[in-house]
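**Student:**
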Amino acid sequence: MKDVIIPVDFSETSLNAARYAADMLTGKTDARIVLYHMFKEAEEAATAGQYLESLKAEMEQKGVMNIELEKELGEDLIDCLGRLAHQKTAELIIMGISEKDEWRQLFIGSNTLKMADQNICPVMIVPPDAKYNGITNIALTSDFQDVDATTPVLAIKNVLEIFNANLHIVNVDNEHYVSLTEKYLAERGKMLKMFAEFNPEFYFIGMNDFYEAIEQFSRDRNIDLIIIIPKNHSFINSLFSFNTSHTKKLAFNSSVPILAAHQ
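Numbering (the numbering used here), first residue to last: 107 to 369.
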């Protein structure tokens with residue numbers, strides 16, 4: 107049984123992520139949803155339990171039968187959630203994200219990004235307005251640097267097999283001109299071998315703005331899920347970099363879920 111943890115604080119953002127997950131996992135008998143809530147005051151325990159039971163009942167009406175409830179008193183969501191993921195040997199954590207006002211992104215709603223930066227298990231970030239309509243096309247972003255050592259092949263293959271999806275491997279670099287360098291060709295060959303059974307398609311986009319390029323690519327190719335590989339704990343820093351403050355931040359503004367998968 108594959109455990110999928112969904113932390114909820116009962117905000118609309120987290121509830122939408124939970125409902126997205128329920129629709130996504132309906133009919134998948136080998137998956138178990140773990141609804142999780144951390145509270146900071148002991149007197150909140152009973153209410154939290156009632157809310158979790160209500161959400162469980164809603165999911166069961168959708169056809170999801172394997173649901174477990176977890177609640178605990180705690181102070182640090184990331185520590186508590188990470189510990190639970192280790193205990194459950196979780197395959198996936200699904201979280202919502204909100205607060206599109208740029209200055210607020212630095213301070214609010216960052217627990218999702220902090221969790222995505224942890225090398226515990228893949229984290230799916232669900233946009234606040236996302237509705238599940240199937241996952242047919244998956245985009246894997248790669249910098250094509252030392253792909254053998256940095257690509258989480260097993261995690262990506264698990265996702266592709268779950269949804270029987272098409273794989274689009276995309277690289278954004280402002281140095282792409284008429285033809286690829288020998289280095290890029292060599293790394294492409296390695297990636298092709300890794301995912302040969304999925305017949306991946308490759309795209310090399312010559313643009314400066316990674317976020318803008320991926321957004322446009324996702325629209326053009328009807329992408330349903332974007333996979334990003336955080337490296338050297340740089341995921342949060344890259345998203346919050348002041349150098350990109352005039353661009354739309356992918357994690358906050360993407361119209362499709364993002365899956366952060368570490369090697």
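Note that the Cβ used here is the ideal one computed from N, Cα and C, for glycine as well.
When you compare the region 239-256 with the region 218-229, are there three or more beta-carbon pairs, one atom per stretch, that lie closer than 8 Å?
**Tutor:** no
**Student:** Rounding to the nearest angstrom, what Cα-Cα distance links VAL278 and ALA271 in this structure?
**Tutor:** 22 Å
**Student:** To the nearest angstrom, how far is the alpha carbon of THR257 from that of ILE335?
**Tutor:** 7 Å
**Student:** Residues in the same chain with beta-carbon distance under 7 Å from ALA127, minus the five sequence neighbours each way, listed in chain order, please.
**Tutor:** VAL110, ILE112, ILE139 and ILE200
**Student:** What separation, rounded to the nearest whole angstrom, lies between the Cα atoms of GLU150 and VAL114?
**Tutor:** 14 Å
**Student:** Span of the alpha helix (DSSP H) holding ASN243?
**Tutor:** That residue, ASN243, is in no alpha helix (DSSP H); its beta strand (DSSP E) goes 243-247.
**Student:** Just how far apart, CA to CA, sit THR195 and PRO228?
**Tutor:** THR195 and PRO228: Cα-Cα distance of roughly 11 Å.
**Student:** So what does DSSP say about GLY56, is it helix, strand or coil?
**Tutor:** Outside the displayed range of the chain (107 to 369) lies residue 56, so it cannot be described from this structure.
**Student:** Within 10 angstroms of the Cβ of THR119, are there 16 or more other Cβ atoms? Answer buried if so, exposed if not.
**Tutor:** buried
**Student:** I'd like to check one pair, LEU141 with ALA163: are the Cβ atoms closer than 8 Å?
**Tutor:** no
**Student:** Strictly by DSSP, which residues pair up with ASN172?
**Tutor:** According to DSSP, which records beta bridges pairwise, ASN172 is partnered with nothing at all.
**Student:** How would you write the range of the beta strand (DSSP E) that ILE335 sits in, first residue to last?
**Tutor:** Element bounds for ILE335: n/a, residue is neither H nor E.
**Student:** Helix or strand or just coil, what does DSSP make of LYS108?
**Tutor:** strand
**Student:** DSSP three-state call for HIS192: helix, strand or coil?
**Tutor:** helix
**Student:** Going by C-alpha to C-alpha distance, which of LEU179, PHE269 and GLU321 sits closest to MET313?
**Tutor:** GLU321
**Student:** Following the continuous alpha helix (DSSP H) through GLU181, name the residue where it begins and the one where it ends.
**Tutor:** That residue, GLU181, is in no alpha helix (DSSP H); it is neither H nor E in DSSP.
**Student:** Please name the residue, chosen from LYS337, SER361, PHE358 and PRO363, that lies closest to GLN369 on a Cα-to-Cα basis.
**Tutor:** LYS337
**Student:** Quick one: what's got a C-beta closer than 6 Å to HIS282's C-beta in the same chain, skipping five residues either side?
**Tutor:** In chain order, PHE310 and GLY312 place their CB closer than 6 Å to the CB of HIS282, counting only its own chain and leaving out the 5 sequence neighbours on each side.
**Student:** For a test of the three-state rule: what should DSSP assign to ILE329, helix, strand or coil?
**Tutor:** coil
**Student:** Using the DSSP secondary-structure output, state which residues sit across from VAL278 in a beta bridge.
**Tutor:** ILE311
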